[in-house]
Amino acid sequence: MFRVPRGTRDFLPEQAERFRSLENLAADLARRYGYGELRTPIFEYTELFERGVGESTDIVEKEMYTFTDRGERSLTLRPEGTAPVVRAFVEHKLYTGPMPAKYYYFGPMFRYEKPQAGRFRQLWQFGVELFGAPGPRADVEVIALGWHYFRELGVESRLVLNSIGCVQCRIGYKEALVSFLTGRDMCRDCCSRLERNPLRVLDCKNDGCRAALESAPVITDYLCPPCREHFDQVKAGLAGLNIPFTVDPLLVRGLDYYNRTTFEYKTDALGSQDALGGGGRYDGLVELLGGPGTPAVGLALGIDRIEMLNPPALDTGGGRRGVWLVTMEPAAAEAIALAHELRRKGVPVQYDLLARGVKAQFKQADRHRCRWALVIGPDELESGRAVLRDMESGDQQQLNLATVADELAALEGVK
Ligand code: AMP
């Protein structure tokens, strides 16, 4: 018996449709905000992520699906969407176009993580990236877009915000942090992080490390005046849009490329996997990946977790839909031709493919949860009129076959 690989899932039609709705809503929202879709390959050269995500991040150190292809190239299934978008931005010289340049993506990412509720090895993200705008309004627009998505879906989330400053601010902060943490009781990972990438200690989940951090210096006390001003304006911009947030100076996020603003949307409904999405500013990444210095800010939302929250906006009520065309010989061929014509006109129609009797066909109409059953036999073709049964109420009405497509299209529950 074959099974899906660990940490991956099949989406059966009902759930697949929910994912499709989540994607459609994301695409529609992105369009309203002026973002164009950018589709990049599912795999990239490994160096892109090593460089673009950061060698000492969990993603690059432990979580990548990396393989060598038949041409001896090292490729990696994309673990995140920002580095590929930046690669495309540079490769296609999109920086020569009008600024800011705004893109969105929606698709699967791959991370070799320990699977658990809300944590998968193939996960889905909706993300946006905004290039070419250094000011706080860009941060606010991106954060607001994510917030807007949750609002439209009817999902509760909390926005948590921080600023991790610029390289200059972090020099002073890192020194203070390292001297505060040196000699404290922390996990093995954090002891080595302290030397290589001390900010990473801030998002360790280990109890000992969290305790050690309790009275540690906070980055927001080390911001240089321009970074402080930027942060203040982001907060003011969000307040101006009535978007509530809290500041958490421990929020540094797991990737190396952020500067200034970092943020996360959290939920209280999913236990320890409480992050629904997040993002931040990454002004140095375009240059790091070979393009001209270009400020940028973006976000990624975790679609799997959002779907787990049963967004009210996706609730279809499990209602009946479409039409079952009940056929009978010798008129079945003509009825089938009519079914195809109706489908071309946009009406969802099913009919019997197993030579069942009329009674059995009604039963199938019910089992396939059709809203309507339309009976087409020789008499109906002859008279040009047919009986339509409402499968919910059992009510029947006569339809004119000459205008049946329009009449059906006007009925509730057909689409
Ligand atoms: P990140 O940029 O890593 O913070 O990812 C953005 C969002 O994607 C997270 O807030 C999660 O909602 C989601 N996410 C990340 N990793 C996984 C995973 N392994 N399984 C499911 N969702 C994930």
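If you read the sequence shown in our numbering, its first letter stands for residue 508, the second for the next number, and so on.
Glycine included, C-beta positions come from ideal geometry on N, C-alpha and C.
Predicted model, so just to flag it, every value in this text is computed and none were measured.
- Inspect the beta-carbon positions of residue 905 and residue 877 and report whether they are closer than 8 Å. By 1-based counting over the sequence shown, the position of residue 905 is 398. By 1-based counting over the sequence shown, the position of residue 877 is 370. Not a contact, by the Cβ cut-off of 8 Å.
- Chain-order list of residues whose beta-carbon lies under 6 Å from that of residue 849 (same chain, five-residue window excluded): In the sequence shown, counting from the first residue as 1, residue 849 sits at position 342. Result list for residue 849: 856, 912, in chain order.
- Query: CA-CA distance, residue 673 and residue 735?
  - Reply: In the sequence shown, counting from the first residue as 1, residue 673 sits at position 166. In the sequence shown, counting from the first residue as 1, residue 735 sits at position 228. Using only the alpha carbons, I get a separation of about 10 Å.
- For residue 570, count neighbouring Cβ atoms within 10 angstroms of its own Cβ and tell me buried if that reaches 16, exposed if not. As a first step, residue 570 must be located in the sequence shown, where it is residue number 63. By the 10 Å Cβ count, residue 570 comes out buried.
- Message: Tell me which residues share the same chain as residue 854 and place their Cβ nearer than 7 Å to its Cβ, disregarding the 5 neighbours each side in the sequence.
- Response: Numbered from its first residue, the sequence shown carries residue 854 at position 347. Around residue 854: 830, 912, 915, 916, 921.
- Query: If you drop the 5 nearest sequence neighbours on each side, which residues of the same chain put their C-beta closer than 6 Å to that of residue 887?
  - Reply: Start at 1 with the first residue of the sequence shown, and residue 887 comes out as number 380. The answer, listed in chain order, is 893.
- Task: Identify the continuous alpha helix (DSSP H) that holds residue 517 and give its terminal residues.
- Result: Against the sequence shown, residue 517 aligns to sequence position 10. Run containing residue 517: none; DSSP gives neither H nor E here.
- Message: Any heavy atom of the ligand AMP closer than 7 Å to the beta-carbon of residue 627?
- Response: Walking along the sequence shown from the start, residue 627 turns up at place 120. Yes - the ligand AMP has a heavy atom lying nearer than 7 Å to the Cβ of residue 627.
- Based on the DSSP secondary-structure assignment, which residues constitute the bridge partners of residue 616? As a working mapping, residue 616 is identified with position 109 in the sequence shown. In DSSP, residue 616 forms a bridge with 630.
- If we count Cβ pairs, one from each stretch, closer than 8 Å, do we get three or more for the stretch 657 to 675 versus the stretch 741 to 753? yes
- Query: CA-CA distance, residue 772 and residue 784?
  - Reply: The residue given as residue 772 occupies position 265 in the sequence shown. The residue given as residue 784 occupies position 277 in the sequence shown. Taking the straight line from one Cα to the other gives about 5 Å.
- Message: Below 8 Å, how does it come out for the stretch 561 to 576 and the stretch 612 to 620: are there three or more Cβ pairs, yes or no?
- Response: yes
- What residue range is occupied by the uninterrupted beta strand (DSSP E) comprising residue 583? The residue given as residue 583 occupies position 76 in the sequence shown. That run of the beta strand (DSSP E) goes 581 to 584.
- Message: Taking a contact to mean a Cβ-Cβ separation below 8 Å, would you say residue 635 touches residue 805 in this structure?
- Response: Stepping through the sequence shown from its first residue, residue 635 is reached at position 128. Stepping through the sequence shown from its first residue, residue 805 is reached at position 298. The answer is yes: Cβ separation under 8 Å.
- beta strand (DSSP E) runs contained entirely in the stretch 884 to 921, provided each spans 3 or more residues: 892 to 897, 903 to 907
- Classify residue 744 as helix, strand or coil using the three-state DSSP reduction. Locating residue 744 in the sequence shown gives position 237, where the first residue counts as 1. Helix.
- For residue 850, the first and last residue of its enclosing beta strand (DSSP E): Taking the first residue of the sequence shown as position 1, residue 850 is located at position 343. Per DSSP, residue 850 belongs to no beta strand (DSSP E); it is in the alpha helix (DSSP H), 839 to 851.
- Message: Just checking residue 760 against the ligand AMP - is the residue's beta carbon closer than 7 Å to any of the ligand's heavy atoms?
- Response: As a working mapping, residue 760 is identified with position 253 in the sequence shown. For the ligand AMP, at least one heavy atom lies less than 7 Å from the Cβ of residue 760.
- Item | Cβ pair count under 8 Å reaching 3, the stretch 710 to 719 against the stretch 691 to 698 | yes
- Query: In angstroms, rounded to a whole number, what distance separates the CA positions of residue 715 and residue 637?
  - Reply: For the purposes of this step, residue 715 is identified with residue 208 of the sequence shown, where counting begins at 1. For the purposes of this step, residue 637 is identified with residue 130 of the sequence shown, where counting begins at 1. Spanning the two alpha carbons is a distance of roughly 38 Å.
- Query: Is residue 784 helix, strand or coil by DSSP?
  - Reply: Within the sequence shown, the letter at position 277 stands for residue 784. In the structure shown, residue 784 sits in a strand (DSSP, three-state: E or B).
- Is residue 692 closer than 8 Å to residue 719 when the C-beta atoms are compared? Counting from one through the sequence shown, the residue named residue 719 turns up at place 212. Counting from one through the sequence shown, the residue named residue 692 turns up at place 185. Yes, the Cβ-Cβ distance between residue 719 and residue 692 is below 8 Å.
- Buried or exposed (CB count within 10 angstroms, at least 16 for buried), residue 509: Stepping through the sequence shown from its first residue, residue 509 is reached at position 2. That one is exposed.
- Query: Which value, in whole angstroms, describes the spacing of the CA atoms of residue 883 and residue 872?
  - Reply: On the sequence shown, residue 883 is found 376 positions in, with the first residue counted as 1. On the sequence shown, residue 872 is found 365 positions in, with the first residue counted as 1. Taking the straight line from one Cα to the other gives about 14 Å.
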